[in-house]
Amino acid sequence: MKHRVPVSSIMTKNVVKLNVSDDLTKAELLFKKNNIRHIPVVRGSVIVGMLSYTDLLRISFVDAVDDDDEIVDTTVYNMFTIEQVMAKKLVTISPDSTIKEAAEILANKEFHALPVVEGDLLVGIVTTTDLIKYLVSQY
């Protein structure tokens with residue numbers, strides 16, 4: 059297995075993202091429409107947080123709804139803002155960091171996605187799924 063493969067080679071570059079002023083109903087729709095579990099939150103072009111599908115489940119009963127349903131009772135979403143629900147203490151990684159470095163971070167933390175940034179600018183996202191797909195491709 060190659061040891062110095064950069065995260066940029068496996069990260070998602072066209073990142074689905076939310077603006078800090080968006081609402082949680084929009085977040086729910088993006089999670090379902092794109093079949094994803096993590097969405098970076100930006101203010102302008104600067105990343106300020108990460109919202110996970112689990113974050114939404116913590117404040118609602120959405121998990122009782124079929125994932126294929128497009129219409130969800132999102133009344134509870136009106137009680138919170140994205141900023142109140144998102145993770146604000148982010149661990150980020152640069153595009154030049156190695157896949158091994160990303161794997162070590164994800165293995166030792168309680169989250170499954172890392173924003174890839176240059177400065178404060180979001181340039182990608184790498185998830186545990188990306189790492190598993192890379193590992194499988196090596197065998």
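Residue numbering for the sequence shown follows my numbering, starting at 59 and increasing by one per position. From the three backbone atoms N, C-alpha and C, an ideal C-beta is built for every residue, glycine too.
Sort the options by Cα distance to residue i and report the nearest one.
i, options, result
"N166", "V149, G177, G107", "V149"
"H96", "D81, L82, T83, V74", "V74"
"T70", "F169, V174, L193", "V174"
"S103", "A161, L76, A160", "L76"
Can you give me the C-alpha to C-alpha distance between residue i and residue j, rounded to a whole angstrom?
i, j, result
"T187", "S118", "25 Å"
"I140", "Q196", "38 Å"
"V78", "S67", "28 Å"
"D154", "V143", "30 Å"
"L87", "H61", "38 Å"
"L193", "T185", "13 Å"
Taking buried to mean at least 16 other C-beta atoms within 10 Å of its own C-beta, is residue i buried or exposed?
i, result
"M137", "exposed"
"G107", "buried"
"G182", "buried"
Quick one: grab the DSSP three-state call for residue i.
i, result
"E176", "strand"
"T139", "coil"
"V149", "coil"
query = Which full runs of the beta strand (DSSP E) of 3+ residues lie inside the region 61 to 108, going along the chain?
reply = 96 to 101
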